Structure formats: structure tokens, C-alpha cells
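*Asks:* Mind looking over this structure? Questions follow.
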Amino acid sequence: MKETYHVLGLMSGTSLDGLDMAYCSFWKEDGRWCFSLNKSTCIEYSPDFQEKLKCSIELSALDLLLLNNEFGKWMGEQAKTFINKNQLEVDFVSSHGHTVFHQIDKELTYQIGAGQTLANAAGQKVICDFRTLDVTLGGQGAPLVPIGDELLFSDYDFCLNLGGISNASFRINGMRKAFDISPANMLLSYILKSTGKCFDDEGKMASSGKLVEPLWNALNALGFYQQPFPKSLGYEWFRDEMMPMIDDSQANVEDQLHTAVHHIAFQISESLKPYAAMNNKMLVTGGGAKNLFLIEMIQYYLGNSIEVVIPETSVIDFKEAIVFAFMGVLRSEGEINCLSSVTGASKDSSSGVIFYPW
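With full-length UniProt numbering, the residue at position 229 of the sequence shown is 229, and numbering never jumps.
In C-alpha cells, the structure reads:
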């Protein structure tokens, strides 16, 4: 085993904020994995590129393959610039890519950001494509971050991520369980689109609104919420099931945001409270952790069952990139990085495809 790994983790999420880059070190102490986040940044997408990624689901097969290579090259160039600027020693780049398709009923998940193109542009070994193997083993291919919750953040009873989609992980009878709960920033950003704003600063607009009961009832009645886990969400579901409700609502933006925040917080509470015990603590990360009104509502619905803990900003912003860097380390070591107890696959796996620069 290598004594210490130095890895650059790359993550592009469904909220389309930009490319998160986390340069991390990983090592073991007394048999337990440890890490440090040494350098990090987020490269914002240009409006044109953001729109291209957003609409990638509608592309022809040829255009999608071209975008796969374009995005891989762009990520590789960003990685190379970041490495050179900060004079970093990197064992490899570990990339999640950007999810275009996630249709588990069709056994399909697809992340763009071609590994070989990325490796060539970065001049670095690359490990990527962490979801496909799990799906071929009958799993959801998501969420994958719980392996980091299990091995890097085990001091918390629950770990909640508030990205484009909210998901959580925790232990039941000694086994890690996790699932997607609801759309989060994806829903709030969609409501905001008519205002020209990218996000609701600290949730101030949402807090000024009022609950729209017809919208509240319609959102909570969606069939996904009654499904048992393991389960996962994709953009396609959000587009087909939730967007029409927002489009049909006659309420103003503030009221829609207010209702959406209550909906997200309520679904999180409904999903987690049955598994809570005394003095449980929950680590909350992802962009939604900065939405003070959303955090307030999550704690309101959870009551005294679970205490919400907001970590330092670097962990809020880069936890997913940290964990995907870590998944590359586990793949290098031949250790399990994808848990069947989380995804529902037929067995655990060590997932990820390795590419070397040409």
C-alpha cells in the first residue's frame, strides 16, 4: 500500500454551479482512513457552456459523444492549469464527470467527461466512471458519497448532502444505507430562473414568502416519496414530474420558493426521523447548507430528534469532490468503494476505470 496518496478530485453536480476541484491527501492511521483538503477551487461554467450541459440530455447521439470529448478535454485543461499554478504533486486525477442520463429502470447511467481525453489534456493518470459497474450489478449507481461518510465522516450519525438533489446516509443494524430524498437546489434554481438569479442568498427570498397549499400538497403526493430505498433521482424525473407543477403554479416566486423549501425540509424529516435515536448529529454539506432558511426549516421539521451540524465552508463546498478523490484511492488499493447496502447491487464493488495519458 502507498503510504500517502495525493489526488485531485473533480466533481460536476446537477446544480451546474461549476467544476469543483479538491486536491487532497489520504493516509491510514491505526487502520482508519484520514484525509486533508490542501487546495480547492470551483471553476464556474460560462453561460453558454452551462446551457450546453443543461441541454445535453436532448442532444443526438453524435453530438453527445462530441460533448463527452469536449468536456473531458476542458476538465483536463482546468486540472493541468490548477496543478501547474499550485505546483502540486499528483498521483492521479479522480473524476466523477457530469451526469447526463440516470434511468435505472433502463439500467442506464451516463456521465460525460471522456477519461482518455481528460488524461491526455491533464497529462495525468485518471480514474473515472464510478457508477456504471454498480448499475450492471443491479444497483442504483447512486448515491456513491456514502463510502466517504462511512470511512471519512463516521463521527456523525447522519450525513446529508444538499446539492441539486438531497441525499442522506446513515447506519442501520451495522450497515450503511443511503438514498436520494428529493430535488433540492435543482428545484430552487428552476423557480429562480425567471428572476435571472442563480441562487437565493441565504434563503432570504424564500423566507419572505408564504406556503402555497395546492403546490405543497401536489409536491408531497409524488409517488417517488412512497418508494422504499434504495432509490435515486435524475434530471429526467425532475423534468417530467416536478417542472410542470412549478410551471402551472400561479404563485409568485417568493411563495414558490417558500413552499419548495418547506417541501425539501419536510421530505428530509420524513425520511430520516424514523431512524433517529437520542442525541443524533447530522453533518450537512452541499450548496444548500448555506441557505439559512432551508437549514432552519430542516431543524424545525426534525425537532429534537436530530441536531443539524454545519461544518467549515471548505467541507460544505467540496465534500463530494473529496469523496470522489477518495473513491479513486480505494480503487487503486482494490478496496470496496461502492456499497451494495446503499445501492441495492448484488454485491459490493471496487469501481472506476483507469486511463493513462498518451
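For glycine and all other residues, C-beta sits at the position ideal for the given N, C-alpha and C.
In this text the structure is predicted, and so the values were computed from the model without any measurement.
Nearest CA to the CA of I112: which residue from E70, D134, E44, M21?
*Replies:* For the purposes of this step, residue 112 is identified with residue 112 of the sequence shown, where counting begins at 1. Here the closest residue by C-alpha is E70.
*Asks:* Provide the residue(s) that pair with G9 in DSSP beta bridges, ordered along the chain.
*Replies:* Numbered from 1 along the sequence shown, position 9 holds the residue referred to as residue 9. Paired residue(s): A22, S94.
*Asks:* Going by the CB atoms, is the gap between A79 and P357 shorter than 8 Å?
*Replies:* Taking the sequence shown and counting its residues from 1, the one referred to as residue 357 is at position 357. Taking the sequence shown and counting its residues from 1, the one referred to as residue 79 is at position 79. No, the pair does not count as a contact, with Cβ atoms beyond the cut-off.
*Asks:* Using CA atoms only, rank isn't needed, just tell me which of I104, T117, L59 is closest to M75.
*Replies:* Against the sequence shown, residue 75 aligns to sequence position 75. Nearest option by C-alpha distance: T117.
*Asks:* So what's M1 in DSSP terms, helix, strand or just coil?
*Replies:* Mapped onto the sequence shown, residue 1 falls at position 1. Note: M1 maps to coil in three-state DSSP.
*Asks:* Measuring straight from C-alpha to C-alpha, what distance separates L187 and F229?
*Replies:* Taking the sequence shown and counting its residues from 1, one reaches residue 187 at position 187. Taking the sequence shown and counting its residues from 1, one reaches residue 229 at position 229. Taking the straight line from one Cα to the other gives about 21 Å.
*Asks:* Which full runs of the beta strand (DSSP E) of 3+ residues lie inside the region 255-295, going along the chain?
*Replies:* Listed in chain order, they are 280-285.
*Asks:* Would you call the CB atoms of Y5 and L88 closer than 8 Å?
*Replies:* Along the sequence shown, one-based indexing puts residue 5 at 5. Along the sequence shown, one-based indexing puts residue 88 at 88. No, they are not a contact pair.
*Asks:* Answer yes or no: do F26 and V329 have a C-beta to C-beta separation smaller than 8 Å?
*Replies:* Looking up residue 26 in the sequence shown gives position 26. Looking up residue 329 in the sequence shown gives position 329. Their beta carbons are under 8 Å apart, which means F26 touches V329 by this criterion.
*Asks:* Determine contact between the region 210-219 and the region 124-133, defined as no fewer than three beta-carbon pairs at a distance below 8 Å.
*Replies:* Taking 8 Å as the limit for Cβ pairs, the verdict is that the region 124-133 does not touch the region 210-219.
*Asks:* Using a Cβ-Cβ distance cut-off of 8 Å, determine whether G203 contacts chain D.
*Replies:* As a matter of chain content, chain D is missing from the structure shown, which is built from one protein chain.
*Asks:* Please list the terminal residues of the continuous beta strand (DSSP E) segment that includes residue 364.
*Replies:* Because the chain is modelled from 1 through 358, residue 364 falls outside the range shown and cannot be assessed.
*Asks:* Determine the closest residue to I336 out of V308, A321, D105, L144, with distance taken between C-alpha atoms.
*Replies:* In the sequence shown, counting from the first residue as 1, residue 336 sits at position 336. The shortest Cα separation from I336 among V308, A321, D105, L144 belongs to L144.
*Asks:* Under a three-way DSSP split, which group does Q103 fall into?
*Replies:* One-based indexing of the sequence shown puts residue 103 at position 103. Three-state DSSP puts Q103 in a strand.
*Asks:* Decide if I298 is buried, meaning its Cβ has at least 16 other Cβ atoms within 10 Å, or exposed.
*Replies:* Position 298 of the sequence shown, counting from 1, holds the residue named residue 298. Result: buried.
*Asks:* Looking only at DSSP bridge pairs, what is N161 linked to?
*Replies:* Residue numbering aside, residue 161 sits at position 161 when the sequence shown is read from its first letter. Paired residues: N167, T285.
*Asks:* Can you tell me where the alpha helix (DSSP H) with T313 in it begins and where it stops?
*Replies:* Along the sequence shown, read from residue 1 onward, the residue named residue 313 stands at position 313. Run containing T313: 313-333, per the alpha helix (DSSP H) assignment.
*Asks:* May I ask you to list the residues that DSSP assigns as paired with C42?
*Replies:* Counting from one through the sequence shown, the residue named residue 42 turns up at place 42. C42 pairs with D20.
*Asks:* For Q50, report the span of its alpha helix (DSSP H) as first-last.
*Replies:* Working through the sequence shown from its first residue, we reach residue 50 at position 50. That run of the alpha helix (DSSP H) goes 47-54.
*Asks:* What's the call for M282, buried or exposed, on a 16-neighbour Cβ count within 10 Å?
*Replies:* The residue given as residue 282 occupies position 282 in the sequence shown. Result: buried.
*Asks:* Beta-carbon within less than 6 Å of T99's beta-carbon, same chain only, minus the 5 sequence neighbours each way: which residues are those?
*Replies:* Counting from one through the sequence shown, the residue named residue 99 turns up at place 99. Here the set comprises Q111.
*Asks:* Nearest to L37 by alpha carbon, out of I43, Y300, D20?
*Replies:* Looking up residue 37 in the sequence shown gives position 37. Of the candidates I43, Y300, D20, the one whose C-alpha sits nearest the C-alpha of L37 is D20.
*Asks:* For the beta strand (DSSP E) that E307 lies in, which residues bound it at each end?
*Replies:* As a working mapping, residue 307 is identified with position 307 in the sequence shown. Here the beta strand (DSSP E) through E307 covers 306-309.
*Asks:* Taking the continuous alpha helix (DSSP H) assigned at F71, which residues delimit it?
*Replies:* If you number the sequence shown from 1, residue 71 lands on position 71. Looking at the DSSP string, the run of the alpha helix (DSSP H) that includes F71 is 61-85.
*Asks:* Identify every residue that forms a DSSP beta bridge with W27.
*Replies:* As a working mapping, residue 27 is identified with position 27 in the sequence shown. Answer by DSSP bridge pairing, in chain order: T4, C34.
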